[in-house]
Each structure stands twice: as C-alpha cells, then as structure tokens.
Amino acid sequence: CEAELPGSANDSVSGPTINIFGYIQPQYDYFFTDGEQANTFRFKRARIGVSGKVLNKFSYYFMLETSPFIGSSGDAYLMDAFITYEADNWAKISLGSFKQPFSLDVTTPCHSLPTIERSIVADQLVAPQRDFGVGIWGGNKFNRLNYAVALMNGRGLGVKDDNVKKDIIGRVTYKVIRNLSIGASFRYGYPIPNNNDDDRTSFGGEFAFEFGKLLLQGEYIYDEGAYFAGAAGGCGSTPIALGEEREGAYILAAYDVTEKFQPVVKYEYFDPDVNIKDNLGYSERMTVGFNYFVNNKVRFQINYLANIETVASVNNDALLTQVQVKF
Amino acid sequence: CEAELPGSANDSVSGPTINIFGYIQPQYDYFFTDGEQANTFRFKRARIGVSGKVLNKFSYYFMLETSPFIGSSGDAYLMDAFITYEADNWAKISLGSFKQPFSLDVTTPCHSLPTIERSIVADQLVAPQRDFGVGIWGGNKFNRLNYAVALMNGRGLGVKDDNVKKDIIGRVTYKVIRNLSIGASFRYGYPIPNNNDDDRTSFGGEFAFEFGKLLLQGEYIYDEGAYFAGAAGGCGSTPIALGEEREGAYILAAYDVTEKFQPVVKYEYFDPDVNIKDNLGYSERMTVGFNYFVNNKVRFQINYLANIETVASVNNDALLTQVQVKF
Amino acid sequence: CEAELPGSANDSVSGPTINIFGYIQPQYDYFFTDGEQANTFRFKRARIGVSGKVLNKFSYYFMLETSPFIGSSGDAYLMDAFITYEADNWAKISLGSFKQPFSLDVTTPCHSLPTIERSIVADQLVAPQRDFGVGIWGGNKFNRLNYAVALMNGRGLGVKDDNVKKDIIGRVTYKVIRNLSIGASFRYGYPIPNNNDDDRTSFGGEFAFEFGKLLLQGEYIYDEGAYFAGAAGGCGSTPIALGEEREGAYILAAYDVTEKFQPVVKYEYFDPDVNIKDNLGYSERMTVGFNYFVNNKVRFQINYLANIETVASVNNDALLTQVQVKF
C-alpha cells in the first residue's frame with residue numbers, strides 16, 4: 001500500500017490477496033494577504049483503495065480520491081487503477097491509470113512528500129500528472145538502476161484521448177554511490193485536443209542525497225511547445241498560463257533532529273515564460289516547516305510558504321497545517 | 328462503527344485496525360396529494376466507510392455517502408472523515424469533517440433515528456449539519472456529563488470557508504437521574520459567503536427520558552440572524568426561506584411492545600418566521616409509525632407523515648417505508 | 655461476489671459476513687475510420703463493493719461503479735445496491751437498485767460476458783438497464799425453471815420516479831434438456847417523465863446451448879411504444895433514436911479450444927424502426943475475437959467489431975482490447 005506507481009508494487013506476497021489502504025489529510029490553512037485574511041479547515045487528500053495479487057505475476061491496484069478539493073466536481077472518483085504483470089524485476093508491465101513516470105517529486109507517493117505542497121514546477125509542467133496508458137517499470141530499491149517508460153493518452157483522467165497521437169514519458173534513476181541517486185526524465189507528446197501536429201517536449205534532471213540524518217534533493221524541469229490548460233496538473237493546483245518555453249527548479253533539505261522531528265526547508269522558482277524578462281508570472285517560493293511523525297501512520301506537517309514576487313510584490317504568504325493518518 | 332460523531336469513538340480497541348462498516352436504506356414513498364399521487368422507489372442513505380485505530384490514542388473515521396438523493400450531484404462523496412486524538416475521556420480532539428455538535432436529533436447516528444425523517448427544525452436550522460473543523464469531546468455513556476465544542480468553517484461540506492470568520496458550536500448533556508438526560512446546544516457563526524459582519528445565533532434545549540419500555544424525547548431550537556440557504560441542512564432536505572427569528576420543536580414517544588416491535592409517534596412544529604402571524608410557511612407534522620427490528624442489523628421502518636397546515640390546508644401527507652441493513 | 659442480480663446471491667454462507675469484491679477493465683480501443691483514426695486507453699468498468707449476510711435469510715449487496723466512462727458525470731456512484739430476504743429458493747425478495755430482469759445478455763454479470771460489448775439490441779432497448787424497485791426471484795442453477803418478476807420505477811438510477819406508474823418486468827428460463835435452456839422476457843411500463851398515459855411493451859426470447867466445448871446462444875428482442883432517451887441503457891452506450899416499433903437479435907458461438915483459450919464469434923442486427931424500409935439507423939455487426947483466461951481472476955479479451963451498414967457504408971470498424979482482473 002505504499003506504492004502509488006505500478007513499478008514499486010510489493011512483490012513478496014503470493015496467492016490471492018485484498019488489502020484495504022488509504023489516508024486522510026485534514027488541514028487548516030491561513031493566508032497572509034492584504035485585507036481580510038482567508039483561512040479554512042479543509043481536506044488536502046482523502047484516499048481509499050484496495051490492492052492485491054490475483055496470481056503469482058498479476059496484481060491490481062484500485063484507488064479512489066474522495067477529497068472535495070481535487071478533481072472536477074468534488075465527488076469521489078477513480079484515480080490510480082491498474083493491472084500489473086510482473087514478468088521480471090526488469091519488466092513490470094502495467095495497464096490502466098497511473099502517474100506519468102516523470103520527476104522525483106511527482107513519483108513520490110502523495111503521503112510521503114517532505115512538504116505539504118509539491119514543487120510549483122512539477123505541478124504546473126507535469127500536466128496531466130495522472131493519465132491512462134501502458135507502461136513498463138524495471139528495478140527496485142536495491143538496484144542501482146531503475147527505469148520506467150509509458151505510452152499514455154496525454155489527456156489525463158476522466159476523458160478519452162481526443163487526438164490520435166500518444167505521449168511517451170520516461171524516467172531513469174541511477175545510484176552513483178549508495179546514498180546519492182541521480183535521475184533524468186523525458187516526455188514527448190501532443191497535448192492539444194483534436195490536434196495531431198503541435199507537440200510538446202519536456203526534460204527533467206534530479207538528484208537525491210542522504211548523508212546521515214540529512215536529506216538533500218533537487219530537480220530542474222524544462223518544457224517547451226504546445227500545452228493545454230485543461231489537463232490537470234498536481235492535486236488541485238490552478239493552471240498558470242505558459243509561454244513557449246518554461247522551466248523551474250527546487251532544492252530541498254530535511255534533517256532528522258530526532259526519529260520523529262524533521263525540520264525541512266525548500267527553495268524553488270518557476271518561470272512560465274523564459275523568453276520574457278521581468279515576467280509577472282515568475283515566482284519564487286521559500287517553504288520552511290517540519291514533519292512530526294507520531295509513528296509511521298500518523299504525521300503532523302506544518303509549512304510556512306513565503307511566496308516571493310520579484311517584479312511586483314504581493315502579500316500572499318500562507319501557513320499550512322496538516323495531520324495525516326494512513327491505514 | 329456505531330459512531331458518526333468523533334466523541335463516541337469506540338475506545339476499547341488497541342493496535343492498528345481497519346473495520347469496514349456501512350448501511351443501506353432502500354425506501355418506497357407514497358405521497359397523498361391532490362391529483363396524481365407521486366410514489367417512488369428510492370434510497371434514503373447508502374453509506375460505506377472504514378474506521379480504526381492507528382496508535383493507542385489516534386483513530387480515524389472515513390465514510391462515503393453514495394445515495395443519489397443526498398449531496399449536490401448524486402455521486403458518491405466524502406461525508407464524515409476525521410482523525411481523533413484521545414488525550415483523555417474528557418479531551419477527545421478531532422480534526423476533519425463531522426456533524427456539528429448541536430441537538431440530540433442531529434447527533435443521533437443516521438441509522439439509529441426512531442423515525443425515518445429527522446425533525447423539520449433540526450434539518451432546517453442546523454444548517455450546515457456537517458462541516459469542516461476541529462472539535463473537542465468529553466464524557467461517555469457512563470458519565471453524567473458529556474460535552475462537545477467545535478470550531479468550524481460554518482459553510483458545510485465540499486467547499487472552503489468563504490469568509491474569514493469561524494463558527495463555534497457546542498452541546499452539553501447531563502443525566503439528572505439515571506434515565507433522564509437533559510441538554511443544551513449553542514451555535515454562533517457567520518453563515519454568509521464573503522460576509523464577516525452578519526452573524527447568527529442558535530440555541531437548543533432537549534430532554535430524553537427512558538421509563539421502562541417507554542422512550543420520551545423532545546427538543547426546542549431557536550435561531551436568529553443571518554442565514555445562507557446554500558448551506559445544506561439535513562440529508563436531502565429542501566431549505567425553507569427563513570425570517571429574522573425562527574423556531575421549532577418536537578416531542579416523540581416510542582414504546583417497546585416486544586423486543587422487536589416499537590410503535591412510535593412524533594409531534595412537531597416549525598415556524599420559519601416567528602414575527603409573522605399566520606405565516607404560510609408555519610407547519611405542524613404528526614408522524615405515526617413503527618420500527619421492527621429483525622435483529623440488530625436489519626430494521627423495517629414504516630412512517631405516516633400527516634402534515635398539518637394551520638393557515639391553508641394542503642393535501643401532502645406521505646407514507647414512507649424503509650428497510651435498513653447495517654454491515 | 656459473482657452475483658449482480660439479487661436472485662443469484664450465494665446462499666451457502668451463514669452468520670454476519672462482509673466480502674469485498676470488484677474488478678477493473680482497463681482497455682485500449684482503436685477505431686478504423688476514414689481520416690485520422692481515434693484510439694485511446696480508457697476504462698470499461700471499474701467496480702468495487704461489499705456483500706454479505708446479516709442474518710440467516712437477510713443479505714445485502716452494495717456496489718459502486720467508478721469508471722469515468724459510465725454514468726452521467728464520470729465520478730463514482732452507487733450502482734447495484736439491494737437487500738434480499740430469502741424466504742425460500744422460490745421466493746427471494748429484493749429491494750433496492752438492480753438490473754431489470756430482462757434478457758440473458760443483460761442479466762449476465764458484466765465480468766462474465768463472452769464479448770466486450772453487450773448486444774446493441776440489449777443496450778438500446780433494455781433501457782433503463784438498472785432501476786430502483788422490488789423484485790422476486792425463484793430457482794437456482796440446479797433447477798430446470800428459474801423466474802424473476804420486478805416492479806420498478808422505470809426511470810433508471812439516480813432519479814426518483816417522475817410519473818406515478820410503475821413498470822413490471824419479468825423473465826422465465828427453462829432447461830428443456832440439461833444443456834439447452836430457453837427463456838422469455840417481458841416488460842410493460844410508462845417510460846416518459848410526467849406522463850402516465852404513453853406505455854411501452856417489450857418482449858424477448860432467448861436460448862443457450864452448451865454442447866461439449868461449444869457454447870451457442872441467441873436472443874431476439876421486440877419493443878414498441880413510448881420511450882425516453884434519457885433513461886440510460888447499457889454501460890456507457892449512446893442512445894439511438896427509435897421509431898414506434900423496433901427489434902434486434904444476436905447469435906453467438908464460443909468454443910473452448912483449451913481451458914484458457916476461447917475464440918468467439920457474434921452476429922447481430924438492430925433495427926430502430928421496423929416500419930421504415932432502408933432505414934439509415936439499421937445496423938448489423940459481426941464481432942470476432944477471443945477470451946484468454948489466465949486463471950479465473952485474470953482475463954484477456956480481444957474483439958474486432960465489423961459494423962455493417964446495409965444502406966450507406968461507413969468505415970467504423972473497431973478493435974477493442976481489454977484486460978480484466980477480478981478481486
């Protein structure tokens with residue numbers, strides 16, 4: 001139940017199984033704006049699903065998102081659902097709906113992110129983040145090399161592909177040394193409905209370094225060409241208008257002060273149009289906060305988001321408070 | 328799985344658990360109107376969820392409403408979902424979505440109501456009935472005193488708070504003698520979207536008396552100030568236009584003729600505007616019917632609802648027939 | 655969990671039980687049209703539910719459809735949900751939502767259909783396919799005679815009945831010899847909202863013959879009178895405009911080459927208006943394909959659908975590829 005991506009399916013179980021899993025993330029958010037300051041109780045995610053093996057090499061994963069703040073209508077809907085045939089550690093083939101295998105930030109399970117929000121660049125440029133398709137995964141956490149390649153609609157969940165072309169997405173990670181992993185992602189596709197000509201190309205580079213109690217990780221994503229604002233990016237994120245070329249990056253540090261208490265700091269930037277100087281949409285964000293793990297099922301997360309506008313400053317910082325219980 | 332309110336969570340379990348629970352209420356309704364008389368098979372509620380403990384003091388509750396006749400779209404949606412930290416019998420703290428702790432009628436679990444419909448006053452004035460927030464509960468069924476206080480958005484499920492103020496809601500019950508419990512409820516909030524000035528104040532008084540095989544219970548609710556018709560009240564109820572001050576009450580008697588057969592009678596009134604004489608919206612209702620408990624999982628409920636208009640009489644009585652199975 | 659129809663509920667269990675069941679059907683479809691050829695990854699069905707006994711004679715069934723391509727909005731919704739009281743093998747009474755007991759094709763569980771698509775005639779004329787109501791079932795697979803009669807809204811899922819009349823639907827099957835079963839279906843109802851006058855009458859005839867490794871089955875459905883396009887027919891099918899009288903039929907042959915590999919061929923026609931010669935809507939379809947059962951939980955299904963227009967030929971053949979996992 002840790003796995004949200006097909007390739008990381010637990011492979012130690014044998015015989016037909018059915019596991020129920022899920023998590024809820026009730027949250028309280030406060031926005032430091034000019035004038036009256038919005039603040040609300042809400043949910044981030046609220047997920048429930050089942051997974052299991054139905055035969056030695058066949059497994060399934062079936063998960064609903066029920067948070068009213070994700071998806072188009074606020075009702076419960078099918079999010080990740082796929083069938084996996086594990087021919088081999090180097091060839092796990094999945095068919096269904098799952099996250100595009102692009103970027104460390106995107107492929108980290110939503111209940112294991114070190115900060116409440118994913119990076120802006122991952123939420124804005126890896127869109128759709130979830131999609132229908134077929135993919136092949138290779139490697140596990142003990143291998144130096146891991147890879148994933150998927151052929152997907154490119155249109156996201158809830159709709160059929162509305163052009164005749166498919167998108168290809170891939171990611172490779174490699175452990176240079178035991179505690180340093182580097183990776184690269186690639187995507188080429190046709191994002192626009194009823195359009196088989198205008199293409200889009202994306203690249204990503206990433207690293208993750210664990211040095212004792214310190215975790216350092218960073219990513220850079222570059223993206224160019226056509227795009228479609230209607231393809232949903234990260235969970236509940238609002239799409240930003242993009243130029244022909246766009247990019248962004250983040251670097252994150254977390255430190256285990258104790259087994260339970262982990263302060264975290266993240267700096268990131270996102271440029272929706274690299275060809276415009278002093279672009280109003282350009283943004284930087286500093287996130288400071290901490291994770292407190294009561295145990296492996298219960299986590300408190302408090303994040304202060306300092307949004308930095310370099311062109312025209314706006315008061316739009318936010319304090320997010322979340323409690324997560326996994327089951 | 329009996330619990331719909333955080334404070335009544337089962338506290339005897341230890342270790343990580345996951346319980347599946349739910350119930351369905353298929354129904355046949357017949358309306359004694361003038362002209363052609365509408366009648367329909369339908370569902371009242373159809374709920375499924377999981378609950379459990381993830382650590383000694385942490386528990387979770389996660390429940391979907393799937394009846395097409397509750398909620399805005401008819402699809403399945405997240406209803407009650409919360410994380411509870413039980414510091415103590417006198418301090419059980421919950422975060423998430425749950426019913427506002429106001430009124431005996433509202434806080435009675437939806438599968439344990441003595442009549443098919445809640446009282447009109449509870450459905451109309453305790454709106455929203457469910458909300459996002461944080462609350463603290465104290466006491467259990469063995470204590471004379473029980474209390475609950477919650478800070479909530481005041482806007483209901485499915486949406487973020489759309490003003491900057493929060494609502495405060497509370498309820499206290501006290502067992503005067505072993506079989507007589509009295510209680511009071513209070514709510515103060517800001518119900519209107521984008522409005523931080525117009526407030527609303529509600530009071531409720533209640534009693535419940537068990538004398539051998541006889542159950543007597545009654546409630547009075549008074550409510551004044553601003554209101555917002557878009558905040559959903561009771562399950563599927565249609566909001567009635569309200570004046571500045573409004574009130575209502577009910578009294579209910581049930582008698583266990585046998586362990587399985589329980590006739591019930593309820594008289595209630597609801598006045599949506601106490602300042603208008605001969606208000607067309609004023610209504611009285613007499614409900615007569617019975618519960619038949621096949622066992623603790625299967626219940627038949629038949630209710631005749633005699634709606635009494637004191638100003639202009641309308642033929643609008645109804646016969647409701649429900650079968651409930653809990654699992 | 656094999657049962658989608660009340661009457662086929664498993665009757666060997668005793669004591670309170672709760673079984674989780676479901677299946678997912680990820681699919682890849684390719685359409686051989688003129689010009690650019692649409693093709694898409696998608697889901698056919700994605701269902702999850704619980705069922706069980708709550709008492710010796712009382713059982714429940716509660717199932718959600720979560721496929722984004724079935725239902726009005728794409729979100730998860732309550733599909734089949736009913737309470738069954740089994741007085742006797744000849745009187746199993748169910749209340750709730752379930753498929754109308756009409757036609758072999760419709761009443762075959764959606765995970766056990768020999769071809770990916772149901773017959774056009776069953777999807778178009780047995781509308782609504784699912785409905786709220788009460789029904790009585792008799793017989794089991796060991797009996798020569800099986801019957802079902804249901805009184806239903808006639809309006810389909812998600813809505814209350816919007817006229818005052820109910821529909822009556824019934825089906826009888828009889829095993830002439832051990833391997834040859836014949837059956838007849840009947841429906842009489844008032845399909846149009848707010849209309850208690852215009853009626854609709856449907857008849858169906860069917861046979862199923864198992865001769866060693868060969869399965870032969872066929873059906874004919876005739877339907878006349880009023881209809882309402884808003885009542886959903888088969889899973890995700892698009893309603894075709896109908897004349898006063900309409901009919902259709904199919905014949906299907908499947909052969910178990912091995913225990914796992916089963917080629918299948920189906921011929922069908924559908925005439926939406928039998929009173930018009932050379933009707934543009936008249937269609938014939940030849941389906942050829944096979945089922946490959948990895949085991950009883952995992953099935954591959956590949957179907958080529960040759961759509962034959964006798965009046966004006968159109969390139970609209972399709973290749974459907976499905977993997978199904980049941981849990």
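Chains A, B and C supply the protein sequences, listed in that same order. For the first sequence, this note's numbering gives the first residue as 1, with consecutive numbering after it. For the second sequence, this note's numbering gives the first residue as 328, with consecutive numbering after it. For the third sequence, this note's numbering gives the first residue as 655, with consecutive numbering after it. Each residue gets a CB set at the ideal place from its N, CA and C atoms; glycine is no exception.
Check, Outcome
"Let's see if you can read the secondary structure: which residues bound the beta strand (DSSP E) around Val134/A?", "130 to 138"
"Quick check: what's the CA-CA separation for Leu896/C versus Val652/B?", "40 angstroms"
"Once the 5 residues before and after Gln691/C are set aside, which same chain residues still bring their CB inside 7 angstroms of it?", "Tyr684, Phe685"
"Please state whether the Cβ-Cβ distance between Leu870/C and Phe861/C is less than 9 angstroms.", "yes"
"According to a CB-to-CB cut-off of less than 8 angstroms, which residues of the stretch 30 to 54 of chain A neighbour chain B?", "Glu36, Gln37, Ala38, Asn39, Thr40, Phe41, Arg42, Phe43, Ala46, Ile48"
"Mind listing the chain C neighbours of Thr585/B? Cutoff is C-beta to C-beta under 8 angstroms, in chain order.", "What Thr585/B touches in chain C: nothing, since even the nearest Cβ is about 17 angstroms away."
"Alpha carbon to alpha carbon, what distance is there between Tyr388/B and Leu240/A?", "With the sequence shown as reference, residue 240/A is identified as Ile, and Leu is not the correct amino acid for it. About 35 angstroms."
"In this structure, how does DSSP classify Asp415/B when only helix, strand and coil are distinguished?", "strand"
"Strictly by DSSP, which residues pair up with Lys829/C?", "Ser835/C"
"Strictly below 8 angstroms CB to CB, what residues from chain B border Asn316/A?", "Correct list: empty, because the minimum Cβ distance to chain B is about 15 angstroms."
"Strictly by DSSP, which residues pair up with Asn634/B?", "Arg612/B"
"Using a Cβ cut-off of 8 angstroms, pull out every chain A residue sitting near Asp777/C, in sequence order please.", "Within chain A, no residue comes near Asp777/C; the closest Cβ sits about 18 angstroms away, beyond 8 angstroms."
"Considering only the beta carbon of each residue, do Gly804/C and Tyr844/C sit closer than 9 angstroms?", "The question names Gly, but residue 804/C is Ala in the sequence shown. No, the pair does not count as a contact, with Cβ atoms beyond the cut-off."
"Can you tell which of Gln681/C, Leu732/C, Ala781/C has the C-alpha that lies nearest to the C-alpha of Gly884/C?", "Ala781/C"
"When the Cα of Ser751/C is compared with those of Leu767/C, Phe796/C, Gly808/C, which residue comes out closest?", "Gly808/C"
"Step through the CB atoms of chain C and report whether any lies within less than 9 angstroms of the CB of Asp88/A.", "no"
"With 16 as the cutoff for other CB atoms within 10 Å, does Thr287/A come out buried or exposed?", "buried"
"Roughly how many angstroms lie between the CA atoms of Phe102/A and Ser378/B, to the nearest whole one?", "34 angstroms"
"Anything in chain C within Cβ reach of Phe654/B, meaning under 7 angstroms, just list it in chain order.", "Ile672, Val704, Gly706, Val708, Tyr714"
"Could you spell out where the beta strand (DSSP E) holding Val50/A opens and where it closes?", "39 to 55"
"For Thr332/A, go through chain B and note every residue whose CB falls closer than 9 angstroms to its CB, in chain order.", "The requested residue 332/A does not occur in the structure, where chain A is confined to residues 1 to 327."
"Leaving out five residues on either side along the sequence, give the residues of the same chain with a beta carbon under 6 angstroms from the beta carbon of Val641/B.", "none"
"Check the DSSP bridge columns for Met806/C and list the partner residues they point to.", "Gly787/C, Asp821/C"
"Mark Asn817/C as exposed unless 16 or more other C-beta atoms lie within 10 angstroms of its C-beta, in which case mark it buried.", "buried"
"Quick one, which residues of the stretch 743 to 755 of chain C are near chain D if we go by CB-CB under 8 angstroms, in chain order?", "Reference to chain D is not applicable here, since the protein chains of this structure are A, B and C."
"Quick check on the burial criterion: 16 or more other C-beta atoms within 10 angstroms. Buried or exposed for Leu34/A?", "As written in the sequence, residue 34/A is Asp, which differs from the Leu given in the question. Exposed: under 16 other Cβ atoms inside 10 Å."
"Return the CA-CA distance between Ala576/B and Ser446/B, expressed in angstroms with no decimal places.", "8 angstroms"
"Under 8 angstroms: do the stretch 436 to 451 of chain B and the stretch 492 to 506 of chain B share three or more Cβ pairs, one atom per stretch?", "no"
"Can you tell me which of Thr321/A, Tyr269/A, Gln322/A puts its alpha carbon nearest to the alpha carbon of Thr310/A?", "Tyr269/A"
"At a Cβ threshold of 9 angstroms, is Asp665/C touching chain B?", "Confidence is the limiting factor: at Asp665/C the pLDDT is only 43, short of 50, which leaves the residue's position unreliable and the question unanswerable from this model."
"Would the stretch 839 to 859 of chain C count as touching the stretch 730 to 748 of chain C if we require 3 or more Cβ pairs under 8 angstroms?", "no"
"Identify every run of the beta strand (DSSP E) within the stretch 885 to 940 of chain C, keeping only runs that are complete inside it and at least 3 residues long; order them along the chain.", "899 to 909, 915 to 925"
"Within the 9 angstroms Cβ cut-off, does Val788/C reach chain B?", "yes"
"Counting only C-beta atoms, is Glu2/A closer than 9 angstroms to chain B at any point?", "Since pLDDT at Glu2/A reaches only 42, below the 50 mark, its modelled position is unreliable, and the value read off the structure follows with that caveat. Not an interface residue."
"Using a Cβ cut-off of 7 angstroms, pull out every chain A residue sitting near Gly563/B, in sequence order please.", "Correct list: empty, because the minimum Cβ distance to chain A is about 16 angstroms."
"Considering only residues of the same chain and omitting the five flanking positions on each side of Glu864/C, which have a CB-CB separation below 7 angstroms?", "Asn833"
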